[in-house]
Every structure is written in C-alpha cells, then in structure tokens.
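Right, one structure below, let's go through it.
In mature numbering (1 follows the signal peptide of the UniProt record, and there is no 0), the protein residues as written are -16 to -1, 1 to 152.
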C-alpha cells in the first residue's frame, strides 16, 4: 500500500513540479471509543495513524496548518444513535464549509473538500449547534475518521513556511 507521502509526491512529480519532502504535510486520525457530541463541540479524534509535520492535535481535534498550500480533507462518521440526527460540519477558521449528516440507527456519512490554506489556518470537525448524538468507535474498530494532506505547497511567497521550498 502506498503511503500518503509517496502518493502526494507521485502526483506532484507527474504534474511536473517535484517538491522537497520537508513541505509534505499529512495526517490521519480516528475515534477509538464512542464519543458523545453536542451543541457545537469539536470532535476529538484520539488515535493518530499519521501526523507528518505535526499539524493535527489529538487533544483538541484541530489541524493547524504548518505549511501554506492546497489541502484535501476527508471526514467519515458513524453514529450509533436511534431516531436522532447526526450532523457534523468541517470548519475552516471557524467557518462551516461542508457537512456530514444522517438520520437513523447506525447511520454513516462522509465528505471531502479541497482548500487553500495559509500557515496557522485551522480545520476541525464540529457538531451542528442544537444537535446531540454519539459517534461510534472501539479501540479495535475505528469507524469515524478525519484526515487531510497537502496536495501541493503555496509558492507565492511569505505565507509559505521558510523550510518548505519548491525544488527542480
């Protein structure tokens, strides 16, 4: 199986713009226990599978962009509630951009978005206000996940981390 870094580097090289691996940012996280979410709370994904460049904080559930660029984010959710609505939002700097929703017992939902981020921008998953539900998770069975990776760095200048350079 190809790693996220190898995948990103392959895409960028095919596009004709190889990058220095110091600029590669990627994270993947999941829930290892059922988490009860309500009233706009941030989902804190406690298992970190990958955290290249340390952008994801498993204690707050927030990704803070370490290198400016274009990113892809994925969210997948599995709710255990009966007869309740599961409604999550992906936020960029506290602005809701895309949602994941479902209704009924053991509902699943997912969404993907591509964003241009500046250094220190924040991305997180929050419950919709006025909603209360449970996201399912077990230590041995991770169903709800949040992941993101940089597709390519911003080459426009000052917003870029000084350690990240286009090469070639």
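Built from N, CA and C at the ideal position, the CB exists for glycine as well. It should be emphasised that the depicted structure is a prediction, and the values quoted were computed from it without experimental measurement.
Distance, residue 140 Cα to residue 16 Cα: Start at 1 with the first residue of the chain shown, and residue 16 comes out as number 32. Start at 1 with the first residue of the chain shown, and residue 140 comes out as number 156. Distance between the alpha carbons of residue 16 and residue 140: 39 angstroms.
DSSP state of residue 10, grouped into three classes? Walking along the chain shown from the start, residue 10 turns up at place 26. Strand, per DSSP.
Residue 151 burial status per 10 Å Cβ neighbour count (16 or more: buried): The residue labelled residue 151 in the question sits at position 167 within the chain shown. Low confidence applies to residue 151: its pLDDT is 40, below 50, so where it sits in the model is not reliable enough to give any reading.
Where in the region 60 to 146 do unbroken runs of the beta strand (DSSP E), each at least 3 residues long, occur, reported from the N-terminal end onward? 69 to 76, 79 to 87, 92 to 101, 106 to 111, 116 to 119 and 129 to 137
Is there contact between the region 126 to 134 and the region 57 to 74, where contact requires at least three CB pairs shorter than 8 angstroms? yes
Using a 10 Å radius around the Cβ and a threshold of 16 neighbouring Cβ atoms, would you call residue 20 buried or exposed? Position 36 of the chain shown, counting from 1, holds the residue named residue 20. Residue 20 should be labelled exposed.
Go ahead and pull the three-state DSSP assignment for residue 43. As a first step, residue 43 is located in the chain shown; it is residue number 59 there, counting from the start. Note: residue 43 maps to coil in three-state DSSP.
Who are the Cβ neighbours of residue 84 in its own chain at under 7 angstroms, not counting the five residues just before and after it? Locating residue 84 in the chain shown gives position 100, where the first residue counts as 1. So the list reads 59, 61, 72, 93, 94 and 95, once near-sequence residues are dropped.
With distance defined between alpha-carbon atoms, name the residue in 114, 46, 135 and 119 nearest to residue 88. Translated into positions along the chain shown, residue 88 becomes position 104. Nearest option by C-alpha distance: 119.
Between the Cα of residue 179 and those of 81, 46, 56 and 112, spot the shortest distance and give me the residue it belongs to. Residue 179 falls outside the range modelled here, since the chain spans only -16 to 152, and no answer is possible.
Let me know the secondary structure DSSP gives residue 23 once reduced to three states. As a working note, residue 23 is residue 39 in the chain shown. Coil at residue 23, not helix or strand.
Reducing DSSP to helix, strand and coil, say where residue 51 ends up. Taking the chain shown and counting its residues from 1, one reaches residue 51 at position 67. Reduced to three states, the DSSP call for residue 51 is coil.
Pop quiz: residue 9 and residue 133 are said to be a contact at Cβ under 8 angstroms. What is the actual Cβ separation, rounded to whole angstroms? If you number the chain shown from 1, residue 9 lands on position 25. If you number the chain shown from 1, residue 133 lands on position 149. Indeed they touch by this definition, with Cβ atoms about 7 angstroms apart.
Exposed or buried, which one is residue 122 when buried takes at least 16 other CB atoms within 10 Å? As a working mapping, residue 122 is identified with position 138 in the chain shown. That one is exposed.
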